[in-house]
Structures are given as structure tokens and as C-alpha cells.
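In my numbering, the protein residues as written are 87 to 613.
Every residue, glycine too, gets a C-beta built ideally from N, C-alpha and C.
Only a predicted model underlies this, so the values are computations on that prediction, with no experimental measurement involved.
Report on the structure given below.
Rendered as C-alpha cells:
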């Protein structure tokens, strides 16, 4: 089976079926283009599904703070619960229902619901044959001639069968920017030097490619009163139980952690207690009070907290054995934190351990109970025609001017510059930013003509990745890349010509507006 090979052709190949990949495929299908979209796991949706991360969104998300298609996704999640779950009359009537009730977002939900809604959105295009979806496919090779990609090859995880995918345009929507090195596309990874970017929070010495944000294996839990759901002790629990990072206030497995903004010790708890931040409710993905009495025996939470961030080594541009070792250690960290909570964690009501805390493998559809794929905060990033730097968006630099206004805007986003601890021992970098635009120049590689980034791999830096990496922004990046590829095909011009020629740029931006992609913010506050 491993020697079998097929050749498939479309107008555009989207490699990666995460948030950006799905948005790109939808945009292309709306524009009448044929699409092949691959996905490494068996779930499309990336952060929303296989990585099990409830949306991180801006405060204006309900009032026009994202594109129309992203709002359609959000509405679809609410309607899915109202159609299929035994919601209360109050929940049914709530236009802005937050099914999970989590504090991180105005719309917290289970990964499977996001998967169902995304499948619904893609369904008519898959049925028509406009989108061909290939699941459990890993990109393994790319063929290029000069400044153009001719094909990419993907391999089936189960059968090892190879598929050669050809198209006029390729979109890299993989979580790690995996097409870039295979196709020889110039890219950056890790932390740039302050000497290169001028960013106040960049590295003061030479660039550090291995300085990459921590990753996280998320998992879901609920409460089963009176039960003992303690998991087997993970093999590396002894290490993690004693581990004290130099930049942390104490042990990693503890309720006290480093406050992301101030860096000072910050006390948490699982449930409310005086002087502590109750974490269970932060990323809660199912609030039992929204449903008929007895429908659920408890609420459910998604664990993506500071204690499960893994930073002992990078997984980008390292040998396969090292990558696999770090991913396994990250899994054991997450399970060790769960075991610590079940057995040793100080309780809000006195005593130690929450054995009633139950791991929910069914929620993420895995045997070990951890998400199918790690939560990736940072990717390879193209060397772009234009790179967004801290000086364009940081509120302490911009003052009252707001973010830089880009003439070639293809979308909007808003989030603090939020970097989690890195693999070289740098603690949180969490600073204010203004709501920003996504410049077309950041989607254009400096050399390669027919590849576009459609995920977190656009022209940003290690620093500005911190605000361009969240769900609605990634959706907008993918959507803009999809419409750009379709527009370039229709006009018979390379994507960079759209930015270089004023008439083409005006026409393309008008197209985006007609499709519900917002290109500018009203006057609003910094984050």
C-alpha cells in the first residue's frame, strides 16, 4: 500500500483544515473555485476542535468585530445547541447564549459542536464536489520550479498512500507552517532580534529561532460527586511534581502561578474561595444551568491553564525524535496536572485532592483523554512583502493614535499581545494593543508567487504573533487568502500585483466588503 500514488488536481490546494483552512476553503467555494483541503487529524477545525480551545475573542465580537462568515459560524454553534440540546426556555430565548458560560469568551462550547457546525458549513460544497476533503493526511513533500510550487504530496496516516496534489495556487494552513520548508519558501521561526525589528520587547541579542511559545495538550473534565476518578499516576509525575521553573513563583503544579501581565505570584483555585481565581469557570464549555434539570450531572471545563503549558523544548525545525519526545512530555505534563488535582491539590473547602474530577476522553474523541493535537500558539512565518511589528499595534507605543492604518487592509482583529512562556525560559509577554488591520502585504511571500499563508504563518513577528494568532483573526487570514487566490485566478495576475496596482487593490477590497469582510475598525479603545 505504501507505494500507491494518486494525482489530484484543483484550482487551489489548501494544506491544513484548521480554522484558517476551513475559512479559506469556504471563501474559495463561494468564489466558484474547486478546492482540495487536507487535514492531518480526522477532525477539521484546528483550535476550535482537534486542539480543544474555546474561542479567544475580542470584546466587540458581537457588535461587528469579525467577518460575516465567522459570525455565521458563531450563530451556528448557538443554533446547534438550541436545536439538539434540552436547553431551558431562558437559554432558548437568549440571542447571545454562551452554552459553556466560560469567562474567556462570549461563546464557549464543546469541540464536537464546533466540528458539527463546520461540517454543516462545508457540506453543500463537499456534496457539489467543489471542495474535496482529505482527512488524516500529512504533507511530506513539495515540488517547485523557480518561484512557483508545482505540487505538494501528502501521505495517509493509516494506509501510507501518497497523493500528489496539483493546482495553480497553494495555501499553507497547517498549524506549524509545514509547507514552507518543503517548498523552500523563505520563513522565520522563533524570536527575532531587536536589531532587526526595532521592537521594544524583541530579543536584545541575536535572533533565537528556538525561542518558541509553549504548547499545550488540552483536556476536558467534569465533576462526579462522591466518585473516585483518579487516573493512574503518569510515569513522569515525580519530575513534574518537583519541577520549579526559574521564572515561576514556585512549583509548576500548584495553584500559585505567574500573572501574565504583572509577572507577580497569582493565586488560583479550582472553585471559588476567598482571594483566589476559580479556574474551572474560565474555560467552562458546558454550563449545566442552561439545560433541563438532570440533563447533565455537572458542568464541564476545558483545561488550558498556565500549569499545562509545555516549554521544555521546541517542536519546529528540530529532529523528529526530539519533536516526538517533547510532544510526549507535554502529554505527561497535562496528565500529571490532572493527577495532582485529583490527589494533592489544596481544596477550596479544605483537605486535599479532587478525586471526583473526571477526565472526559469522549469529549475530544481520544483514548488518553487529551486533545487530538496540541494547542499551537506559534508557527513558522513567511518572510513577507510587509511584516507587522510591535510598533504598528502596541498601545504604549501608539498612544491615542490607534493601530497603524494599512492601505492594503484585508481584514481586522483585536487581542492583546499575549505570548506564553517560551522554550528558552522567557516568561509571559502580555502587553496592550489596539484593534488592528490585517495587511495584504503580510500574506505575500517575498519570492514565491503561488503560495499564500492561511493560518498563523503570515508576515508577523514573534511579538505580534501574540495578537494575530487567535480564532477570529486566523479565520479572517484564511478567508482573505482564499478570496485572494480566487481573485488572482479570475484576473490572471499574481497576488502581489493586487497590492501593487491601485485599481486591482480597490476592486479586491470591494469584493471583500461585499463578502462581509470588514477592513477597518471604528474608533474604539485599546486592549
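Exercise for review: For residue 399, decide whether its Cβ has a neighbour in chain C, counting only Cβ atoms nearer than 7 angstroms.
Suggested key: In summary, chain C is missing from the structure at hand, where a single protein chain is found.
Review point. When DSSP labels each residue in this structure, what does residue 597 get in the three-state scheme?
Key: helix
Review point. Beta-carbon separation of residue 472 and residue 545 under 7 angstroms?
Key: yes
Review point. If you drop the 5 nearest sequence neighbours on each side, which residues of the same chain put their C-beta closer than 7 angstroms to that of residue 190?
Key: 140, 142, 368, 369
Point to revise | Cα-Cα separation, residue 551 to residue 252 | key: 30 angstroms
Check your understanding: Can you name the start and end residues of the beta strand (DSSP E) that residue 343 belongs to?
Key -> 342-344
Check your understanding: CA-CA distance, residue 330 and residue 336?
Key -> 6 angstroms
Review point. What's the C-alpha gap between residue 220 and residue 102?
Key: 10 angstroms
Check your understanding: The beta strand (DSSP E) spanning residue 94 covers which residue range?
Key -> 91-95
Exercise for review: Label residue 181 either buried or exposed according to how many other C-beta atoms from any shown protein chain fall within 10 Å of its C-beta, with 16 as the threshold for buried.
Suggested key: exposed
Point to revise | Closest residue to residue 416 among 452, 459, 432, 375 (Cα-Cα distance) | key: 459
Point to revise | Beta-bridge pairing of residue 305 - partner residues as DSSP gives them | key: 389, 456
**Study point:** the segment 460-467 contacting the segment 259-274, beta-carbon criterion three pairs below 8 angstroms
**Key:** yes
Practice item. Quick one: which unbroken alpha helix (DSSP H) runs of 4-plus residues sit fully inside the segment 100-129? Chain order, please. Key: 105-116
Exercise for review: In angstroms with no decimal places, state the Cα-to-Cα distance between residue 606 and residue 525.
Suggested key: 11 angstroms
Exercise for review: Express the C-alpha separation of residue 401 and residue 413 in angstroms, rounding to a whole number.
Suggested key: 8 angstroms
Point to revise | Cβ separation of residue 470 and residue 532, assumed to be a contact under 8 angstroms, to the nearest whole Å | key: 7 angstroms
Practice item. Have a look at residue 462 and residue 304 and give me their C-alpha separation to the nearest angstrom. Key: 11 angstroms
Check your understanding: With distances taken between CB atoms, is the gap from residue 567 to residue 540 smaller than 7 angstroms?
Key -> yes
**Study point:** Reference residue 277, options 269, 267, 268, 290, closest by Cα
**Key:** 290
Review point. For residue 419 versus residue 450, is the C-beta spacing smaller than 7 angstroms?
Key: no
Review point. Apart from the five residues just before and just after residue 113, which ones in its own chain have a Cβ nearer than 6 angstroms to its Cβ?
Key: 565, 568, 569
Review point. What whole-angstrom Cβ distance do residue 376 and residue 173 have, given they're in contact under 8 angstroms?
Key: 6 angstroms
Review point. How is the beta strand (DSSP E) around residue 250 delimited, first residue to last?
Key: 248-252
Review point. Among residues of its own chain, excluding the 5 on either side of residue 357, which ones have a beta-carbon nearer than 7 angstroms to its beta-carbon?
Key: 364, 366, 434
Review point. Excluding five sequence neighbours on each side, which residues of the same chain lie with their C-beta closer than 7 angstroms to the C-beta of residue 513?
Key: 333, 344, 349, 507
Check your understanding: Whose CA, out of 133, 547, 168, 571, lies closest to the CA of residue 283?
Key -> 547
Review point. Helix, strand or coil: how does DSSP classify residue 262 here?
Key: coil
Check your understanding: Exposed or buried, what is residue 106 when buried is set at 16 or more other beta-carbons lying within 10 Å of its beta-carbon?
Key -> buried
Check your understanding: So, are the CB atoms of residue 505 and residue 515 less than 7 angstroms apart?
Key -> yes
Exercise for review: Starting from the Cα of residue 371, find the closest Cα among 436, 227, 195, 424 and give me that residue.
Suggested key: 195
Exercise for review: Have a look at the DSSP bridge pairing and note the partners of residue 444.
Suggested key: 308
Review point. The beta strand (DSSP E) spanning residue 234 covers which residue range?
Key: 234-242
Review point. How about residue 562 and residue 258: do their beta carbons lie closer than 7 angstroms?
Key: no
Exercise for review: Could you tell me the boundaries of the beta strand (DSSP E) in which residue 229 lies?
Suggested key: 223-231
Point to revise | Cα-Cα separation between residue 122 and residue 97, rounded to whole angstroms | key: 8 angstroms
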